[in-house]
Amino acid sequence: MKPQVIKTNYHTHTYLCKHAIGEASDYVKRAVELHYNVIAITDHGPFTEELAQIVHSRRMSLEAYQTMYLPSLQQAKQLFHQEIEVLSGVEIEYLHALDGLYPMFLKDMDLLILGQHYIVDDDGTYKSVYDRLTARQIEIYADTIVEALQTGMFAILAHPEIYAWDKVVFDDDCKKAAEKIIDAAVKHHVVLEINANGIRNAIHFDKLLDGGQDFPYPRRAFWKMAKAKGAKVIINDDAHAPNRIQDQYTLQAYQLAAEEGIEWLDDVDIQSFYSKRDE
Ligand SMILES: [Zn+2]
Ligand SMILES: [Zn+2]
Numbered sequence: 007m008k009p010q011v012i013k014t015n016y017h018t019h020t021y022l023c024k025h026a027i028g029e030a031s032d033y034v035k036r037a038v039e040l041h042y043n044v045i046a047i048t049d050h051g052p053f054t055e056e057l058a059q060i061v062h063s064r065r066m067s068l069e070a071y072q073t074m075y076l077p078s079l080q081q082a083k084q085l086f087h088q089e090i091e092v093l094s095g096v097e098i099e100y101l102h103a104l105d106g107l108y109p110m111f112l113k114d115m116d117l118l119i120l121g122q123h124y125i126v127d128d129d130g131t132y133k134s135v136y137d138r139l140t141a142r143q144i145e146i147y148a149d150t151i152v153e154a155l156q157t158g159m160f161a162i163l164a165h166p167e168i169y170a171w172d173k174v175v176f177d178d179d180c181k182k183a184a185e186k187i188i189d190a191a192v193k194h195h196v197v198l199e200i201n202a203n204g205i206r207n208a209i210h211f212d213k214l215l216d217g218g219q220d221f222p223y224p225r226r227a228f229w230k231m232a233k234a235k236g237a238k239v240i241i242n243d244d245a246h247a248p249n250r251i252q253d254q255y256t257l258q259a260y261q262l263a264a265e266e267g268i269e270w271l272d273d274v275d276i277q278s279f280y281s282k283r284d285e
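Numbering (the numbering used here), first residue to last: 7 to 285.
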């Protein structure tokens, strides 16, 4: 089994999203203590004001993004550049309502992580992935991810199997979606994320998934498919507090990946991913 020497984390939130604690520099400090090589600060990106009024999600405002988030990332980079590589980014959905913001995000920061917490249903309404998706909505989720990955804007796909969090069995609809998502990730060189937060939050879920062997995410059935298809995989904390970086749940995520025989990446080559995009 591969030794679990953890040197990176690409999924880190800050207090600005209103459901996490700590400043960017607090997370960087913790990563330095742990002798990491890379930490990416990737808080939930802001919505447009219009979308924020429709979808009530706790995240930073556009104004906070400009006046607080970006300066805090610059400051963390400057303060710690001798000790660690600090990458700036956001975790953000792919929604056409946000099409006007992506160029700004890409210009301002090093990377975008796709975290698809909402889909647009057939009737045009927004639906949270936590609202228990129907088979048709799972299909929409998968098709949205495929479209998003084609754009080349997203280097990492966070918790790709979140659509199945409440499904007691990872059934054929779940597998069909997994297949589409994994194939798109492989085709467009996007790294799939094993997300430790699903293990951290598993205590809040009431069901035994796949006979009690599984978490809401990471979901073993999904990762078996990802392995078979040769997808690139990274394991991230999805830390919403500085002390969650490499906590027992992160270690459990590494353990799960090791048990499944997954060869995860130690780091993600962000520069080459985005330089391919420019070509
Ligand atoms: Zn969050
Ligand atoms: Zn997320």
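From the three backbone atoms N, C-alpha and C, an ideal C-beta is built for every residue, glycine too.
Residue i burial status per 10 Å Cβ neighbour count (16 or more: buried)
i           : result
residue 131 : exposed
residue 59  : exposed
residue 254 : exposed
residue 263 : buried
residue 78  : buried
residue 164 : buried
residue 170 : buried
Start and end residues, alpha helix (DSSP H) containing residue i
i           : result
residue 76  : 76-86
residue 31  : 30-39
residue 262 : 254-265
residue 187 : 178-193
residue 233 : 226-234
residue 56  : 55-60
residue 205 : 203-206
Residue span of the beta strand (DSSP E) that contains residue i, given as start and end
i           : result
residue 48  : 44-50
residue 320 : This structure cannot speak to residue 320, because the chain is shown only from 7 to 285.
Cα-Cα separation, residue i to residue j
i           : j           : result
residue 83  : residue 18  : 15 Å
residue 261 : residue 239 : 14 Å
residue 149 : residue 125 : 10 Å
residue 71  : residue 140 : 34 Å
residue 103 : residue 57  : 7 Å
residue 109 : residue 101 : 14 Å
residue 144 : residue 88  : 44 Å
residue 74  : residue 177 : 43 Å
residue 31  : residue 282 : 30 Å
residue 81  : residue 28  : 15 Å
residue 173 : residue 270 : 26 Å
residue 241 : residue 16  : 9 Å
residue 287 : residue 185 : Here the chain has residues from 7 to 285 only, and residue 287 is not among them.
residue 202 : residue 94  : 20 Å
residue 252 : residue 11  : 10 Å
residue 208 : residue 223 : 8 Å
Nonlocal neighbours in the same chain, by C-beta distance under 6 Å from residue i, ignoring five residues either side
i           : result
residue 237 : 188, 191, 192 and 198
residue 4   : Past the edges of the chain, shown from 7 to 285, lies residue 4, and the structure says nothing about it.
Residues of its chain near residue i, where Cβ-Cβ distance is below 8 Å and the 5 sequence neighbours each way are ignored
i           : result
residue 249 : 36
Within-8 Å CB hit, residue i to chain C
i           : result
residue 130 : Of the protein chains in the structure, only one exists, and it is not chain C.
In DSSP terms, what residue i is bridged to
i           : result
residue 157 : Answer is none; residue 157 lacks a bridge partner.
residue 163 : 120 and 198
residue 95  : 48 and 117
residue 133 : 125
residue 5   : Residue 5 is absent from the structure shown; the chain starts at 7 and stops at 285.
Contacting residues, own chain, Cβ-Cβ under 7 Å from residue i (five flanking each side not counted)
i           : result
residue 134 : 123 and 124
residue 274 : 16, 161, 162, 197 and 240
residue 23  : 49, 50, 64, 65 and 66
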